[in-house]
Amino acid sequence: MAHTHSHDHGGHDHDGAGHVHGSTDKKRVLVAACLTAGFMVAEALGGLFTGSLALLADAGHMLADAIALGLAWYAFHLAGRPATGQLTYGFGRVKTLVAYTNGIAIFVIALWIVYEAWRRLQMPAPVLGGPMLAVAILGLLVNIASFLVLHGGDRESLNMRGAILHVLGDLLGSAAAIVAALVILATGWTPIDPILSVLVSLLILSTAWSLMRAAAHVLLEGVPPSLDRDLIASDLAVTVKGVREVHHMHIWSIDGSSNMATLHACLDEGVDAHQAVSTIKKRLASEHGISHATVEPEFGQCADEGDDHDHGHDAAPHHDHHH
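One point on numbering: in the working numbering, the residue at position 52 of the sequence shown is 54, and numbering is uninterrupted.
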């Protein structure tokens with residue numbers, strides 16, 4: 003059931019800090035993308051020259067990561083655009099879509115490495131330990147530099163978390179390649195190369211899964227993990243004078259960092275509706291981190307009473323606000 007008001011949520015940004023974070027995060031991601039892409043070519047050539055799967059696996063990660071970081075940069079670029087008549091929330095959610103896509107890309111690459119490693123274990127191939135070690139150490143240094151550049155960014159941003167996750171995967175890949183090269187130089191035992199590349203893939207798969215789950219939660223407009231809808235509804239009823247009950251409440255996030263809500267506030271007779279709505283909005287912003295709220299005040303019967311709504315627990319779409 004739609005609600006009776008047409009607020010343009012996209013028109014106002016309540017989070018000045020978000021702009022600062024967004025522009026510095028955008029620069030950080032671009033620097034990391036250039037570092038990753040530049041070294042990925044060197045590592046792929048090194049992997050082919052030395053015959054090392056660990057290096058090729060890491061180069062594969064770095065290729066995906068260079069693309070992913072480029073997409074992450076573009077998502078930040080788009081998110082800075084103002085809202086339009088058609089996209090009233092602006093482009094903020096592009097970052098979440100990119101984070102979800104990144105997760106899928108990591109999955110595909112990790113599965114390819116596992117398959118390739120299994121083939122290598124069936125038919126071991128010779129590996130040049132010395133050159134492999136040199137390339138892996140260089141790779142580690144480049145990945146550490148990228149990680150440090152990204153690490154100072156906004157940790158709340160799903161897009162930034164996706165970017166950091168990619169570089170972390172590369173860092174682990176380079177570390178594994180160094181260990182594999184040292185073992186091969188010391189003992190000549192080449193199966194260590196595919197074995198370590200599989201271990202890295204498994205580590206990356208688990209972190210990619212958690213990123214995808216977080217991004218999917220935002221895309222499905224779930225209540226942000228840090229908030230409890232029922233507790234917030236009770237809090238408003240208890241703390242805001244004249245509010246008898248809060249129902250039809252929806253809380254969601256556009257991009258994993260800015261939270262929004264719609265709700266019906268059932269008021270006592272004689273209460274100043276404007277004052278009550280204003281107090282509810284202030285309470286939501288100051289106590290619960292909800293930057294934009296659309297509040298429908300009611301006296302007596304709920305305007306949606308005739309419908310099959312479970313008060314306060316309905317799952318109506320929250321932002322087609324027009325009946």
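The beta-carbon is built from N, C-alpha and C at its ideal position, and this holds for glycine as well.
Excluding sequence positions up to five away, which residues of its chain have a Cβ less than 7 Å from the Cβ of Pro126? Excluding residues within five positions, the ones whose Cβ falls inside 7 Å are Thr192 and Pro193.
In its own chain, which residues sit with a C-beta less than 8 Å from the C-beta of Leu37, not counting the 5 before and 5 after it? Correct list, in chain order: Val144, Ala147, Ser148 and Val151.
Please report the distance separating the alpha-carbon of Thr90 from that of Trp254. Whole-angstrom Cα-Cα distance: 15 Å.
Beta-carbon proximity of Thr346 to Ala263, cut-off 9 Å: An answer regarding residue 346 cannot be provided, because it is not within the stretch 3 to 325 covered by the chain.
Please say whether Pro196 and Leu65 have beta carbons closer to each other than 9 Å? No, Cβ-Cβ distance for Leu65 and Pro196 is not below 9 Å.
Go to Pro133, then tell me how far its alpha helix (DSSP H) extends in each direction, as first and last residue. Under the DSSP assignment, Pro133 falls in the alpha helix (DSSP H) whose first and last residues are Gly131 to His153.
In terms of residues, what are the limits of the alpha helix (DSSP H) holding Ser203? Where Ser203 is concerned, the enclosing alpha helix (DSSP H) stretches over Ile194 to Leu221.
Per DSSP, what kind of secondary structure is Met125 in: helix, strand or coil? Coil at Met125, not helix or strand.
Of all the alpha helix (DSSP H) runs that stay within the bounds of the segment 268-313, which reach a length of 4 or more residues? Runs found: 275-290.
Can the beta-carbon of Met42 be found closer than 9 Å to that of Ala61? A Cβ-Cβ contact shorter than 9 Å links Met42 with Ala61.
In chain order, what residues of the same chain lie with their CB nearer than 8 Å to the CB of Leu50, ignoring the 5 residues before and after it? Cβ within range, chain order: Leu58.
For Arg231, three-class secondary structure by DSSP: Helix at Arg231.
Go through its chain and collect everything with a Cβ distance to Val220's Cβ below 6 Å, but skip five positions before and after it. Excluding the 5 residues flanking it on each side, Val220 has same chain C-beta neighbours closer than 6 Å at Thr98, Ser255 and Gly258, in chain order.
Identify, in the order they occur along the chain, each residue of the same chain with its Cβ nearer than 7 Å to the Cβ of His290, setting aside the five sequence neighbours on each side. Residues of the same chain with a CB within less than 7 Å of the CB of His290, apart from the 5 flanking positions on each side, are Leu229 and Ile234 in chain order.
Does Leu32 get closer than 9 Å to chain D when you measure Cβ to Cβ? Protein chains in the displayed structure number just one, and chain D is not present.
If you reduce the DSSP assignment to three classes, tell me which class Thr264 lands in. Of the three classes helix, strand and coil, the one that applies to Thr264 here is strand, per DSSP.
Contact set for Val248: own chain, Cβ-Cβ below 6 Å, skip 5 residues either direction: Ala235, Leu238, Ala239, Leu265 and Ala267.
Within 9 Å, strictly: CB atoms of Gly175 and Val137: Their beta carbons are not under 9 Å apart, which means Gly175 does not touch Val137 by this criterion.
Checking the sheet assignment: what are the DSSP bridge partners for Glu247? The secondary-structure analysis by DSSP pairs Glu247 across a beta bridge with Cys268.
Is it buried or exposed for Glu298, if we count other Cβ within 10 angstroms and need 16 for buried? Looking at its Cβ environment, which holds 16 or more other Cβ atoms inside 10 Å, Glu298 is buried.
Does the segment 209-226 come into contact with the segment 153-169, if we say contact requires no fewer than three beta-carbon pairs (one atom in each stretch) closer than 8 Å? Taking 8 Å as the limit for Cβ pairs, the verdict is that the segment 153-169 does touch the segment 209-226.
Three Cβ pairs or more, each shorter than 8 Å: is that satisfied between the segment 117-131 and the segment 180-189? Segments in contact, yes.
Let me know the secondary structure DSSP gives Ser176 once reduced to three states. Looking at Ser176 - three-state DSSP - the assignment turns out to be helix.
I need the DSSP call for Ile256, collapsed to helix, strand or coil. Ile256 falls in the coil class under three-state DSSP.
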